[in-house]
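Encoded as structure tokens, the structure appears first; notes follow it.
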Amino acid sequence: MLVIILSCIAISMALGQSLTLKPFGLESGIIDYKFSGAQEGVGTLYFDNFGLRSNMYLDVIEGGKHQKGYTLTLGEDQYMYDLEKSKEGIKMRNPVYKDLDENATIETILEKVYGKMGLKKTGKATFLGKECDLWKSEQGEALIWQGLLLKLDLDMYGNSIHQEATAMKMNVPFDTSLFEIPEGIEFTEMPAFSF
């Protein structure tokens, strides 16, 4: 369950869509994360075209089970898969995409994602040398910079979730094959869920 929640958070950070929106204030980047709490491990977010395409890799342990995999977001579609373990994956509609219109902004996306978690934008805080928007609630807080999640501390559903950026490379070139749907994997379509 937490893998899905964290994947959706990552996905919301890299919302791909055909609207004129640029989800991030940066053209491309790679962000490394560490996770602790209910999940222990690492992840890497790759994005380009101002966040219109993204791929989040997770390598975590949750509930004693080791989980690895990718969440590829291309427009309205998301593909979740593990290249090492299985030739099967899941395809679903991006849950953040639901109810957005052509006038959506970074702020409306952030409000949709973090507002649904009960967080409200309350001020500013510095993290990794970046001045971030601070989103807070009784359950925790998130630090967002240029539309990108840099730090998250939440207690949800009786679980502690901690996600923290450890390294960032912005506006750098990288292998765009990360944004290709992998061959040899059969994707099962799942209904989208809402936040």
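In the working numbering, the protein residues as written are 5 to 199. Where is the CB? At the ideal position from N, CA and C, for every residue including glycine.
Item: Could you give the uninterrupted runs of the beta strand (DSSP E) lying entirely in the segment 107 to 183, keeping only those of 3 residues or more?; Value: 124 to 131, 134 to 141, 144 to 149, 152 to 160 and 163 to 174
Item: With contact counted as at least three CB pairs below 8 Å, one residue from each stretch, are the segment 185 to 192 and the segment 154 to 171 in contact?; Value: no
Item: Looking at the structure shown, is Glu92 part of a helix, part of a strand, or coil, going by DSSP?; Value: strand
Item: Can you tell me which of the three DSSP states Gly55 falls into?; Value: helix
Item: So for Leu62, helix, strand or coil by DSSP?; Value: strand
Item: From Gly188, Pro186, Met172 and Glu184, pick the residue whose C-alpha is nearest to that of Ser32; which is it?; Value: Met172
Item: With DSSP as the reference, please indicate the residues paired to Ile34 in a beta bridge.; Value: Tyr50 and Lys173
Item: Excluding the 5 residues preceding and the 5 following Lys134 in the sequence, name in chain order all residues of the same chain whose CB lies nearer than 7 Å to its CB.; Value: Trp149 and Leu154
Item: Can you tell me where the beta strand (DSSP E) with Phe191 in it begins and where it stops?; Value: Glu190 to Glu193
Item: Considering only residues of the same chain and omitting the five flanking positions on each side of Trp139, which have a CB-CB separation below 8 Å?; Value: Leu114, Tyr118, Leu123, Lys124, Lys125, Thr126, Glu145, Ala146, Leu147 and Ile148
Item: Taking Gly73 as part of the beta strand (DSSP E), name the residues at either end of that continuous run.; Value: Lys69 to Leu78
Item: Give the single residue among Asn59, Gly41 and Pro27 whose Cα lies nearest to the Cα of Asp179.; Value: Asn59
Item: For Asp86, report the span of its beta strand (DSSP E) as first-last.; Value: Taken as a continuous stretch (DSSP letters only), Asp86 belongs to no beta strand (DSSP E), as it is neither H nor E.
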